[in-house]
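Residues in the sequence shown are numbered from 10 upward in steps of one, following the numbering used here. For each residue, glycine too, the CB sits at the ideal point set by N, CA and C.
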Amino acid sequence: MKYLAVMDGSFNLTFRFFFNSIHKGIAGNMIISRGNDELVYSKTELIYLCLYAHGFSSDSISEYFNGNKVLLKDVMQNITTKEHSRNWLRIMFNVFKKSILNKEDFTHPLINKVCVSYSKLLLEMDFSRFENSFITYPNILGFFYHECEATLVNHYNQLPEHSKLIAKEKRMLTTRYNYFSNMELINQGNGSVFSIANDQYLTKISKKLESFNWFSIFKKVIEYRLLELPQIDADFIQSEQIKTKMNILNLRLSKKYSKNELQLHIYQELLSLYAAIEFRHFQNADLLY
Numbered sequence: 010m011k012y013l014a015v016m017d018g019s020f021n022l023t024f025r026f027f028f029n030s031i032h033k034g035i036a037g038n039m040i041i042s043r044g045n046d047e048l049v050y051s052k053t054e055l056i057y058l059c060l061y062a063h064g065f066s067s068d069s070i071s072e073y074f075n076g077n078k079v080l081l082k083d084v085m086q087n088i089t090t091k092e093h094s095r096n097w098l099r100i101m102f103n104v105f106k107k108s109i110l111n112k113e114d115f116t117h118p119l120i121n122k123v124c125v126s127y128s129k130l131l132l133e134m135d136f137s138r139f140e141n142s143f144i145t146y147p148n149i150l151g152f153f154y155h156e157c158e159a160t161l162v163n164h165y166n167q168l169p170e171h172s173k174l175i176a177k178e179k180r181m182l183t184t185r186y187n188y189f190s191n192m193e194l195i196n197q198g199n200g201s202v203f204s205i206a207n208d209q210y211l212t213k214i215s216k217k218l219e220s221f222n223w224f225s226i227f228k229k230v231i232e233y234r235l236l237e238l239p240q241i242d243a244d245f246i247q248s249e250q251i252k253t254k255m256n257i258l259n260l261r262l263s264k265k266y267s268k269n270e271l272q273l274h275i276y277q278e279l280l281s282l283y284a285a286i287e288f289r290h291f292q293n294a295d296l297l298y
């Protein structure tokens, strides 16, 4: 459901089904503690953030507001005020950091398949043989993460040539992400979803990546390794892997889960591990600071 293809400006049964699913999944307002204060996100604002995170265009999102541009602007203004920022990459980073949205809900569907495969592997392991050494068991979660990376890169490499970014488009993205100031990006992006009607290259990039705002384009850039990205601190990766191994070990040693429930919990641990490392790329991005 999460990655239904919705092209820019379209509003059809696919989008309506997608929106209705999100609408039902969000129970109501969310209250976030911030020091001694409480920050309240309305259901409408949460729906906007969810659609934005899924890469929908401004035209598609506006359909939720019945084409009411004033109401759409008010929702966007409310969010920027609450986050004290008009940089939507920064806003989305904060939204995920504060768990207003869950990182795991926005991973690529191919990652889900890798998680299923490794959850089966970890479920079938004979823990009685090495439960005391499982924490240092050589590289199994390293293998998992590298397979996630390779799966996404291979997926992109196997796309038809007309669906891949050309060198000039990659250079444009590099310029956008590495050299434009935040305010320049905001102005060109109209505060949220960038205007691309008069820019043939950005139009092509959006259609090729099926992403229609800066956050979702940057997410695809990270997933497919389309640009040179800063290296993630090895200590962070090791820490996340050890935490995940400990959680999986505790799950395996527990007696309260059925086999299917246990595999689901292991799957969720693997998905959380991948999402945490992917999210770290956003934290490393110069544009967020």
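>> Between which residues of its own chain and glutamate 54 is the CB-CB distance below 7 Å, once the five residues before and five after are set aside?
In response: Excluding residues within five positions, the ones whose Cβ falls inside 7 Å are Val84, Asn87 and Ile88.
> Based on Cα-Cα distance, which residue from Phe65, Pro239, Leu279 and Arg95 lies nearest to lysine 122?
Replying inline: Leu279
> Quick one: what does DSSP say histidine 290 is sitting in, helix, strand or coil?
Replying inline: helix
> If you compare alpha carbons, which of His290, Ile246, Thr90 and Val104 is closest to cysteine 59?
Replying inline: Closest by alpha carbon: Val104.
> If we call anything under 9 Å between Cβ atoms a contact, is tyrosine 283 one with tyrosine 73?
Replying inline: no
>> Considering only the alpha carbon of each residue, which of Ile241, Thr253 and Met255 lies closest to asparagine 293?
In response: Taking only the C-alpha atoms, the option nearest asparagine 293 is Ile241.
> Looking at C-beta atoms only, is the number of pairs between the segment 212-219 and the segment 253-262 that lie closer than 8 Å three or more?
Replying inline: no
> Is it true that the CB of tyrosine 266 sits closer than 9 Å to the CB of valine 162?
Replying inline: no
>> Given this structure, state the Cα-to-Cα distance separating phenylalanine 65 from threonine 116, to the nearest angstrom.
In response: Using only the alpha carbons, I get a separation of about 15 Å.
> Is it the case that the Cβ atoms of alanine 285 and lysine 112 are separated by a distance below 9 Å?
Replying inline: yes
>> For leucine 80 and threonine 90, I'd like the C-alpha separation in whole angstroms.
In response: Each residue's alpha carbon lies about 15 Å from the other.
> Could you give the distance in angstroms between the alpha-carbon of isoleucine 275 and the alpha-carbon of serine 128?
Replying inline: 6 Å
> From serine 263 to glutamate 92, what distance separates their C-alpha atoms?
Replying inline: 41 Å
> Using a Cβ-Cβ cut-off of 7 Å (strictly less than) and excluding sequence neighbours within five positions of leucine 130, which residues of its own chain qualify?
Replying inline: none
> Closest by CA to glutamate 249, which one among Leu150, Trp223, Ile231 and Leu211?
Replying inline: Leu150
> For phenylalanine 98 versus tryptophan 223, is the C-beta spacing smaller than 9 Å?
Replying inline: Inspection of the sequence shows that residue 98 is occupied by leucine rather than by phenylalanine. If you check the CB distance, leucine 98 and tryptophan 223 come in under 9 Å.
> Hey, out of Val230, Leu132 and Met134, whose CA is closest to glutamate 178's CA?
Replying inline: Val230
> What's the call for leucine 174, buried or exposed, on a 16-neighbour Cβ count within 10 Å?
Replying inline: buried
>> Would leucine 132 and methionine 181 be called neighbours here (beta carbons separated by less than 9 Å)?
In response: no
> Just the Cα atoms here: how many angstroms apart are serine 281 and aspartate 114?
Replying inline: 10 Å
> How big is the Cα-Cα spacing for histidine 164 and serine 172?
Replying inline: Rounded to the nearest angstrom, the gap between the Cα atoms of histidine 164 and serine 172 is 12 Å.
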